[in-house]
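Enquirer: Would you mind keeping the following structure in view while I ask a few things?
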Amino acid sequence: MATVVVLGAGMTGLTTAMLLARDGNRVTVLERDPAPPGDAVWTAWQRPGVSQFRHPHLVLPRWHREMEEALPEVVDELVASGGRPLNLIAMLPERVRGPLRDSDRQFDTVTARRPVLEAAVAAVAGRTAGLTVRRGAGVAGVSTGTGELPGVPHVTGVRLTDGGTVPADLVVDCTGGRSRLGSWLTAVGARRPAGERDTAGFVYYARHFRAPADRQPAVLTRPLQHYDSLSLLTLPADHGTWAVAIVTSSADRRLRALRDPAVWQSVLARYPLAAHWGSTTHGAEPITGVDVIAGLQDRSLRLVVDGDPVATGLVAVGDAWGTTNPALGRGLSIGLVHARVLQQLLREVDPVDAEKLARRFDEVTAAEVEPLHRMTVASDRHRLAELAGDLSGVPYETDDPGWAMTRALTAAAAVDTDAVRMGTSIGSLLATPGQLFADPAVAGRIMALGAGAPRYPMPGPDRAGLLAAMDG
Ligand SMILES: Cc1cc2nc3c(=O)[nH]c(=O)nc-3n(C[C@H](O)[C@H](O)[C@H](O)COP(=O)(O)OP(=O)(O)OC[C@H]3O[C@@H](n4cnc5c(N)ncnc54)[C@H](O)[C@@H]3O)c2cc1C
């Protein structure tokens, strides 16, 4: 069994560490930020290492399913600590979803505000035999020794900011979207990792609310809703709280006034399916101002370049490997899938066989994780182009049949109980469009249902109405 050092005690780092420790590896997690402060995780936990720490998160059914299989005690802990069990179909009005079906159980999940989620994962990690979490331990770079491949550094551990070192048979980078892995590797003579990097181009204006149990907002539609010039996210959470995010293009300067809570409230009030999520007359009490996050990136990393590893003894998992625009709520699920891919590979390949491990991890990541990432990036690109069209007044057109199908499915989901399940399956990462629309009859039916629907079928203002709402 191997000595593994995981860098970063975020959602993916802790999960990866637990999975590898359960398999008998000796695992140490190194985390720069402090530990959770007992019960007051929402107000008191300082997490400068995770910029989205107080931004809305939805846990998708795919995460729930994978976690139930891999580490069911995490799901139990999350429920015990106030996480809200949800079913993404059952929560919809019956007129939208029709009668419940046995197969709807696949849409079960449990969700919470990010600090609550992470504290639950950390609690289970803290009870895991063979796993040590060292908080307040910042990583400054990697240390290397002699490897199998000439000219390719072999990572043998990490260097800490306090000057210490921690040896490892395998280093797993889970330091998130701001990972410095590329510069750590080039500093020890490695070739630069390959990968893609592009500005995601979205900005989030988000607020959290709370209300007593009998005044929780009614769910009238699916959590992600697209409108002219913006999207809305309405996300239930733990302890009677929930979040609403207004998501738009960073290029939309007129909408930057959304950082003002009064403007934000005035805008939300114009969307009939979501207005009550922020309405004080419906009992919504804001527990935050408007939290703004932008500058997010679509990026992914490859540590095998031109057929050869740039380094051995080290892999990247979760956001350290790849990030996307988070409106689709997929980061946690993709990170968990990635962690399980590593767990499976380490059952087959000993880290001593460092070159094989590097090559195989690149292959299995490309086969099992990258398709989820690419699907998400493709959707982001289309949505950003659509928002650019709304801004310029020249509606976005594309001949990509995948996007035409996505739009048709969105419209069909408002009127057809099969379509709402298909849309929720894809949104939950339980099925791909390729799987659902392999049968031309199914695809044809959805296109027919969506044909002729307006670009934005849900009720809400057009751009002129939105700007008027902003001006009060
Ligand atoms: C605005 C926003 C909303 C999101 N909403 C959702 C959602 O609804 N659903 C969803 O599934 N996903 C969502 N995501 C994505 C999700 O937050 C990430 O996918 C997830 O946090 C990735 O976990 P991670 O462990 O890989 O990285 P992180 O959570 O970023 O954790 C990285 C950890 O590494 C530590 N670290 C960094 N550098 C060092 C160092 N040098 N030494 C030691 N420690 C270090 C950090 O302190 C941190 O603890 C959202 C993201 C954003 C930006």
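Read in my numbering, the sequence shown has 229 at position 223, and its numbers run on one by one without any break. The beta-carbon is built from N, C-alpha and C at its ideal position, and this holds for glycine as well.
Specify, as a first and last residue, the run of the beta strand (DSSP E) that aspartate 204 falls within.
Expert: It spans 200-205 - the beta strand (DSSP E) in which aspartate 204 sits, taken as one unbroken run.
Enquirer: Less than 7 Å between C-beta atoms, sequence neighbours within five positions excluded: which residues of the same chain meet that for valine 194?
Expert: Taken in chain order, the residues that qualify are Val148, Thr150, Pro159.
Enquirer: Ligand 1 heavy atoms versus the CB of alanine 125: any closer than 8 Å?
Expert: Flag unset: Cβ of alanine 125 not near ligand 1.
Enquirer: For threonine 423, which residues of its own chain have a beta-carbon under 7 Å away from its beta-carbon, when the five flanking residues on both sides are left out?
Expert: The answer, listed in chain order, is Arg103, Gly104.
Enquirer: According to DSSP, is glutamate 403 part of a helix, a strand, or is it coil?
Expert: Correct three-state label for glutamate 403: coil.
Enquirer: If I measure Cβ to Cβ from glutamine 303 and keep anything under 8 Å in the same chain, skipping five residues before and after, which residues do I get?
Expert: Answer for glutamine 303: Gly183, Arg203, Asp204, Thr205, Ala206, Thr329, listed in chain order.
Enquirer: Measure the CB-CB distance between leucine 166 and valine 321 and report whether it falls below 9 Å.
Expert: No; because the gap between Cβ atoms is not below 9 Å, this pair is not in contact.
Enquirer: Give me, in chain order, the residues of the same chain whose beta-carbon lies closer than 7 Å to that of threonine 152; leave out the 5 immediate sequence neighbours on both sides.
Expert: Result list for threonine 152: His160, in chain order.
Enquirer: Which residue marks the beginning of the beta strand (DSSP E) containing histidine 344, and which one marks its end?
Expert: Taken as a continuous stretch (DSSP letters only), histidine 344 belongs to no beta strand (DSSP E), being part of the alpha helix (DSSP H) at 337-354.
Enquirer: Out of Ala417, Leu241, Gly466, Pro463, which has the shortest C-alpha to C-alpha gap to arginine 451?
Expert: The candidate whose alpha carbon is nearest that of arginine 451 is Ala417.
Enquirer: Please name the residue in Thr371, Gly337, Ala86, Arg336 whose C-alpha comes closest to that of leucine 351.
Expert: Minimum Cα distance to leucine 351 is reached at Thr371.
Enquirer: Express the C-alpha separation of valine 172 and aspartate 359 in angstroms, rounding to a whole number.
Expert: If I take the Cα positions, the gap works out to 20 Å.
Enquirer: So glycine 55 and arginine 38 are in contact, right, with Cβ under 8 Å, and what is the actual spacing, rounded?
Expert: Between arginine 38 and glycine 55 the Cβ distance is about 5 Å, and since that is below 8 Å, they are a contact.
Enquirer: Measuring alpha carbon to alpha carbon, tell me which residue in Asp406, Val347, Arg198, Leu307 is nearest alanine 23.
Expert: Measuring from the Cα of alanine 23, the nearest candidate turns out to be Val347.
Enquirer: In the DSSP assignment, the alpha helix (DSSP H) including alanine 212 goes from what residue to what residue?
Expert: Here alanine 212 belongs to no alpha helix (DSSP H); instead the beta strand (DSSP E) covers 208-216.
Enquirer: Using the three-state DSSP reduction, which class does serine 398 fall into: helix, strand or coil?
Expert: Serine 398 falls in the helix class under three-state DSSP.
Enquirer: Would alanine 345 be called buried (16 or more neighbouring beta carbons within 10 Å of its own) or exposed?
Expert: When all chains shown are included, alanine 345 counts as buried.
Enquirer: With distances taken Cα to Cα, identify the nearest neighbour of arginine 119 among Leu397, Leu84, Asp29.
Expert: When each option's Cα is compared against that of arginine 119, the closest is Leu84.
Enquirer: For proline 43, collect the residues of the same chain with a Cβ closer than 6 Å to its Cβ; drop the 5 residues on either side in sequence, then sort them by chain order.
Expert: Once the five neighbours on either side are set aside, the close Cβ partners of proline 43 are Ala50, Trp51.
Enquirer: Whole angstroms are fine: how far does the CA of alanine 317 sit from the CA of threonine 192?
Expert: Going by the C-alpha atoms only, they are around 10 Å apart.
Enquirer: Between the beta-carbon of alanine 364 and the beta-carbon of valine 310, is there less than 9 Å?
Expert: Yes, the pair counts as a contact, with Cβ atoms nearer than the cut-off.
Enquirer: Report all residues from its chain with a CB closer than 6 Å to the CB of alanine 459; omit the five preceding and five following residues, and keep chain order.
Expert: The residues are Ala417.
Enquirer: Could you work out which residue in Gly14, Arg427, Asp396 is closest to leucine 473 when comparing CA atoms only?
Expert: With distances taken between Cα atoms, leucine 473 lies closest to Asp396.
Enquirer: Within the chosen definition, does the region 274-285 reach the region 132-143 through at least 3 CB pairs nearer than 8 Å?
Expert: No, the region 274-285 does not touch the region 132-143.
Enquirer: What separation, rounded to the nearest whole angstrom, lies between the Cα atoms of phenylalanine 215 and isoleucine 252?
Expert: So the two alpha carbons sit approximately 14 Å from each other.
Enquirer: What residue range is occupied by the uninterrupted beta strand (DSSP E) comprising histidine 70?
Expert: Segment 67-76 is the alpha helix (DSSP H) holding histidine 70; no beta strand (DSSP E) there.
Enquirer: Is the closest heavy atom of ligand 1 to the C-beta of valine 323 under 8 Å?
Expert: Under cutoff, so the answer is yes.
Enquirer: Quick one: measure Cβ to Cβ for glutamine 231 and leucine 279, integer angstroms, because I've assumed they're closer than 8 Å.
Expert: So it is a contact: roughly 7 Å between Cβ atoms.
Enquirer: How about leucine 307 and leucine 187: do their beta carbons lie closer than 9 Å?
Expert: Yes, the Cβ-Cβ distance between leucine 307 and leucine 187 is below 9 Å.
Enquirer: Does the Cβ of arginine 479 have 16 or more other Cβ atoms within 10 Å, making it buried, or fewer, making it exposed?
Expert: Residue coverage of the chain in this structure runs from 7 to 478, which leaves residue 479 outside it and unanswerable.
Enquirer: What's the gap between the Cα of phenylalanine 443 and the Cα of glycine 157?
Expert: Between phenylalanine 443 and glycine 157, the C-alpha separation is close to 47 Å.
Enquirer: Between serine 255 and leucine 390, which are expected to be in contact by the criterion C-beta below 8 Å, what is the C-beta distance as a whole number of angstroms?
Expert: So it is a contact: roughly 6 Å between Cβ atoms.
Enquirer: Under the three-state reduction of DSSP, which class applies to aspartate 234: helix, strand or coil?
Expert: Looking at aspartate 234 - three-state DSSP - the assignment turns out to be coil, as it is neither helix nor strand.
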